[in-house]
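Worksheet: one structure, shown below.
There are 2 protein chains.
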Amino acid sequence: MITQTTLAALDAADPLAHCRERFHLPDGVLYFDGNSLGPLPRGVPARMKTVVEEQWGEGLIRSWNTAGWMDLPARVGGRIASLVGAEPGSIISADSTSVNLFKLVCAALALNPGRPEILSDSGNFPTDLYVASGAAQIIGRDHRLKVVEPQDVAEAIGPSTAVVMLTHVDYRTGQMHDMEAITARAHAAGAIVIWDLAHSTGAMPVDLAGCKVDLAVGCSYKYLNGGPGAPAWLYVAPRHQAAVHSPLTGWLGHAAPFAFDLGYRPADGIARFICGTPNILSLAALDASLDAFDGVDMRLVRAKSIRLGDLFIGLVEQELGAAGFGLGSPRDGTARGSQVSLTHPQGYAIMQALISRGVIGDFRAPDVLRFGFCPLYARFSDLWGLVGHLREIMATEEWNQEMFLRRARVT
Amino acid sequence: MITQTTLAALDAADPLAHCRERFHLPDGVLYFDGNSLGPLPRGVPARMKTVVEEQWGEGLIRSWNTAGWMDLPARVGGRIASLVGAEPGSIISADSTSVNLFKLVCAALALNPGRPEILSDSGNFPTDLYVASGAAQIIGRDHRLKVVEPQDVAEAIGPSTAVVMLTHVDYRTGQMHDMEAITARAHAAGAIVIWDLAHSTGAMPVDLAGCKVDLAVGCSYKYLNGGPGAPAWLYVAPRHQAAVHSPLTGWLGHAAPFAFDLGYRPADGIARFICGTPNILSLAALDASLDAFDGVDMRLVRAKSIRLGDLFIGLVEQELGAAGFGLGSPRDGTARGSQVSLTHPQGYAIMQALISRGVIGDFRAPDVLRFGFCPLYARFSDLWGLVGHLREIMATEEWNQEMFLRRARVT
């Protein structure tokens, strides 16, 4: 039996409890959607004021040098590297996840000429599939995207596989791929891997170097709390950096951007994957957001994440047994990212009813209610509130109202 | 003879004089580099506070709908459209100029199959040339970039030209191409045009629709004052929108992004050129920046811009005749963008000496001193200050000091 007392005791003993103060969390809201948009870290408003009013307003063009703007993609990348087990100089922050994935899919196909296939799975976030098939199409020749079921990926890797491109944690189910095993399997078959860490970065320890990952991308507005549409990031293993090339040959990926040569010469290292002028306001916000991870042991984050998910599943079964919810995520916490999905035929209306009570998760068609648990600010006792609201909504059939059935979808 | 009195009288009669208050301009600075980074518009800090603290901090994920975040690329695009004579629904703001140019070069080549050549000129900003040759390379087949001298573009257009890709105003010389004539010449030869309006947008009237331009991109951190690395924009003429496709097939260019279909289906209209999740903080800053153009007649902007440039050239000749400066821009104001470039063998050191006095222009290798005149905030009397400082620097050989000769280059 899970009780309020159980949960309060866990909060009292939580070694990450002090991190909650690093975020602004609105009054009257229980937030379980940090896997879609992380909340505002406390240091961001002051940093935005500095970058806008002092660096831009007073420093003007001089700030490209004096305020370190030019270094931001690499500096922010370096901070992200430390959260995902990447080597120094292997990550830059720039552009969107989709744009970065395009760069890497093209680069990976060129690393593996003669093999036509990009292999992915049906659990991948659609933009990854769209981008990969867009890249295959523009390159032409025989390149194609092959999509299999998540559990069939390993055995689908074969001699025609150029690239295995997967999202580590499934955005709907939270099911996690075994990064090390699939990477090893791909390498044994002569394929390159690209991992999308959108739902992993900041939510759990990741060991890109240890897993011998070739290429990776990630998102910064979910568990990294970088703000709406924050710049994404991109990883190239040091062993590949001299051989890979970005198809997006913008001036800031040039070896000497301010020489204004007419011909392109890629910069050494990861910098060649920068393209246009970096978006400084957003990079500065992300940089300030990353302070929330200062001194945080990602193993503690993972342990708390699993415990939050396990307790949520336990509470749903204890309190909502007859309400018709299915479990849309692995029951085994070690096979799950930092979210738990429930399924329900009325999932959409139920989520609307929850949101109108200030309890924010999100809905993914056709029937998934998705709850993200972010160990830096989530409290165990929040689960009691969440399940309590769900119980009331189901008991009173509050969801069964026109306003919840018809309301425009919250994205 | 141009005197301080002449200039003060022009300021007193300037119908745009009231616009200067729309910007924060630091004390003790004369700013002639708004063509590299526009100054901070007054409304931006409050807007950033709202988007960060209220929309993100309080609204969280709900703000994608309730604060109109999802519409920002099209809404900001619509505001830019009104400054460049574009049809409603023909511009979105997203990504960087380089990324947008890649989308359009690929799209344009696909519109004109069987023709191998992207034609550009040696006055184009290098990133445009890099991106075009990167696009040609990834597409492969016979595509190639051909670069001619600016004055030779029109006659170089021929039956193998798929795309004519030019920057309207040369970033070094300020020389302006005849957009209407070159577009007509390209069309007569069966080619598509892509204009880069980096140095035109916000500096002069542009008539994309009237000139029958096919495709265009532009930058928002120069004369639009959108902030460092502000999102760029992209134009597709309505007549082409159903037939052109972005190679960067990200989820927000999908017809139904939240259906999470596994297959890509492009959105109708310009929205298919959105790729990843829009960068909201930067788009909001740009949106607020555009308020500085409210009620502004771009013909007045152009008239003042030409006058500022003409007077600057006149003053340099009057005051600095023996100092060894050459004119690096057209003398005819109607053939010139909103900048005047001077050349001098010691240009780099001279610009450093100016900057150390708070007089900010920029230097472009090998010998170009570039001064941008932004009619919304430049005063005629500022020219007196600029030329006065230049005269002192040349008379005292202040530039001929170690610190100015050696200092790291201001970008």
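Chains as they are written, first to last, in the working numbering: chain A, 1 to 411; chain B, 1001 to 1411.
C-beta atoms are modelled at their ideal positions from N, C-alpha and C, and glycine is treated no differently.
Just so we're clear, the structure is a prediction, and the values are computed from it rather than from any experiment.
Item to check | Contacts that A/Y223 makes with chain B (C-beta to C-beta distance below 8 Å) | outcome: Within 8 Å Cβ-Cβ: nothing; A/Y223 doesn't reach chain B, min ~14 Å.
Checklist entry - Between B/G1269 and the rest of its own chain, which residues show a CB-CB distance below 6 Å, the 5 nearest in sequence each way excluded? => result Here the set comprises G1089 and Q1241.
Item to check | Span of the alpha helix (DSSP H) around B/M1179 | outcome: In the DSSP assignment, B/M1179 falls within the unbroken alpha helix (DSSP H) covering M1179 to A1188.
Checklist entry - Which of the three DSSP states, helix, strand or coil, is assigned to B/S1341? => result Note: B/S1341 maps to strand in three-state DSSP.
Checklist entry - Would you call B/G1123 buried or exposed, if buried means 16 or more other Cβ atoms sit within 10 Å of its Cβ? => result Buried is the call here.
Item to check | B/T992, DSSP secondary structure in three states | outcome: Outside the shown range of chain B (1001 to 1411) lies residue 992 of chain B, about which nothing can therefore be said.
Next on the checklist: By the 7 Å beta-carbon criterion, what residues does the region 93–118 of chain A contribute toward chain B?
Outcome noted: When C-beta distances to chain B are compared with 7 Å, the residues of the region 93–118 of chain A below that value are D95, S96, T97, S98, V99, F102 and C106, in chain order.
Next on the checklist: Could you check whether A/R115 and A/R188 sit closer than 9 Å to each other, using their CB atoms as the reference points?
Outcome noted: The identity of residue 188 of chain A in the sequence shown is Ala, whereas the question assumes Arg. No, they are not a contact pair.
Checklist entry - DSSP on B/I1080, reduced to helix/strand/coil? => result It is helical.
Checklist entry - Helix or strand or just coil, what does DSSP make of A/V206? => result Reduced to three states, the DSSP call for A/V206 is coil.
Item to check | Any chain B beta carbon closer than 9 Å to A/R409 | outcome: Any reading at A/R409 must be qualified, since the residue scores a pLDDT of 45, below 50, and its modelled position is unreliable; no value is offered.
Next on the checklist: Can you confirm whether B/I1270, when its beta carbon is compared against all beta carbons of chain A, has any partner nearer than 9 Å?
Outcome noted: Among the CB atoms of chain A, none fall inside 9 Å of the CB of B/I1270.
Checklist entry - Just by C-beta distance, which residues in the region 1032–1046 of chain B are closer than 8 Å to chain A? => result Listed by position, the residues of the region 1032–1046 of chain B near chain A (Cβ gap below 8 Å) are D1033, S1036, L1037, P1039, L1040, V1044 and P1045.
Item to check | Close-in-space but distant-in-sequence residues of the same chain around A/R364 (CB under 6 Å, 5 per side omitted) | outcome: Excluding residues within five positions, the ones whose Cβ falls inside 6 Å are R172 and R370.
Item to check | Beta-bridge pairing of A/K146 - partner residues as DSSP gives them | outcome: A/L119, per the DSSP bridge assignment.
Next on the checklist: Just verifying my parser: in three-state terms, what is the DSSP assignment at A/D214?
Outcome noted: It is coil, neither helix nor strand.
Checklist entry - To the nearest whole angstrom, what separates the beta carbons of B/D1362 and B/D1033, a pair I think is in contact under 8 Å? => result Sure, about 5 Å apart at Cβ, within 8 Å.
Checklist entry - Count the other CB atoms within 10 Å of the CB of B/M1001; is the residue buried (16 or more) or exposed (fewer)? => result Exposed, by the Cβ-count rule.
Checklist entry - Taking Cβ-Cβ distances below 9 Å as the criterion, which residues of the region 229–256 of chain A are in contact with chain D? => result Annotation note: the requested chain D is absent from the structure, which comprises protein chains A and B.
Next on the checklist: Pop quiz: A/W251 and B/P1366 are said to be a contact at Cβ under 8 Å. What is the actual Cβ separation, rounded to whole angstroms?
Outcome noted: Taking 8 Å as the upper bound for CB-CB distance, A/W251 and B/P1366 are not in contact here, some 18 Å apart.
Checklist entry - Looking at A/L286 and A/L224, is the spacing between their C-beta atoms short of 9 Å? => result Their beta carbons are under 9 Å apart, which means A/L224 touches A/L286 by this criterion.
Item to check | Sequence-distant residues of the same chain with beta carbon closer than 7 Å to B/A1086, five excluded per side | outcome: If we look at B/A1086 and ignore the five residues flanking it on each side, its Cβ neighbours are L1208, A1209 and Y1235.
Next on the checklist: What would DSSP say about B/T1411, mapped onto helix, strand or coil?
Outcome noted: Here the model assigns B/T1411 a pLDDT of 36, short of 50, so the residue's position is not dependable and the matter cannot be decided.
Checklist entry - Counting contacts by CB-CB distance shorter than 9 Å, is B/A1259 in contact with chain A? => result Look at B/A1259: its C-beta is under 9 Å from a C-beta on chain A.
Checklist entry - So which of B/G1333, B/A1198 and B/P1266 has the shortest CA-CA distance to B/F1312? => result Its Cα nearest to that of B/F1312, the residue B/G1333 stands out among B/G1333, B/A1198 and B/P1266.
Next on the checklist: Just to confirm, is the Cβ distance from B/F1231 to B/L1283 under 9 Å?
Outcome noted: A small correction: the amino acid at residue 1231 of chain B is Pro; Phe does not occupy that position in the sequence shown. Closer than 9 Å, so yes.
Checklist entry - Is it right to say B/L1072 is buried, meaning 16 or more other beta carbons lie within 10 angstroms of its own, or is it exposed? => result Residue burial annotation: B/L1072 is buried, with at least 16 other C-beta atoms found within 10 angstroms of its C-beta.
Checklist entry - Under the rule that 16 or more other beta-carbon atoms within 10 Å means buried, what is A/Q4, buried or exposed? => result Exposed: under 16 other Cβ atoms inside 10 Å.
Item to check | Residue closest to B/A1353, alpha-carbon to alpha-carbon, out of B/L1386, B/R1336 and B/P1330 | outcome: Ranked by Cα distance from B/A1353, the options B/L1386, B/R1336 and B/P1330 are led by B/L1386.
Checklist entry - Does the beta carbon of A/L208 come closer than 9 Å to any beta carbon on chain B? => result At a cut-off of 9 Å between beta carbons, A/L208 makes no contact with chain B.
Checklist entry - Would you call the region 1061–1080 of chain B and the region 248–264 of chain A touching, i.e. three or more CB-CB distances under 8 Å? => result Contact fails: fewer than three Cβ-Cβ distances are below 8 Å.
Checklist entry - Residues bridged to B/R1370 by DSSP? => result Looking at the DSSP output, B/R1370 bridges to B/S1341 and B/D1362.
Item to check | Candidates B/G1227, B/G1229 and B/I1194, of which the one nearest B/A1216 by Cα | outcome: That would be B/I1194, whose Cα lies nearest to the Cα of B/A1216.
Item to check | Contacts of B/Y1130 in chain A (Cβ-Cβ under 7 Å) | outcome: By Cβ distance, chain A contributes T249, G250, W251, H254 and Y264.
Next on the checklist: So, at 7 Å on beta carbons, what are the nonlocal neighbours of B/R1042 in its own chain, with the 5 sequence-adjacent residues on each side left out?
Outcome noted: Answer for B/R1042: R1022, F1023 and H1024, listed in chain order.
Next on the checklist: Which residues in chain B have a C-beta closer than 7 Å to the C-beta of A/M48? List them in chain order.
Outcome noted: Here the neighbours are M1048 and V1052.
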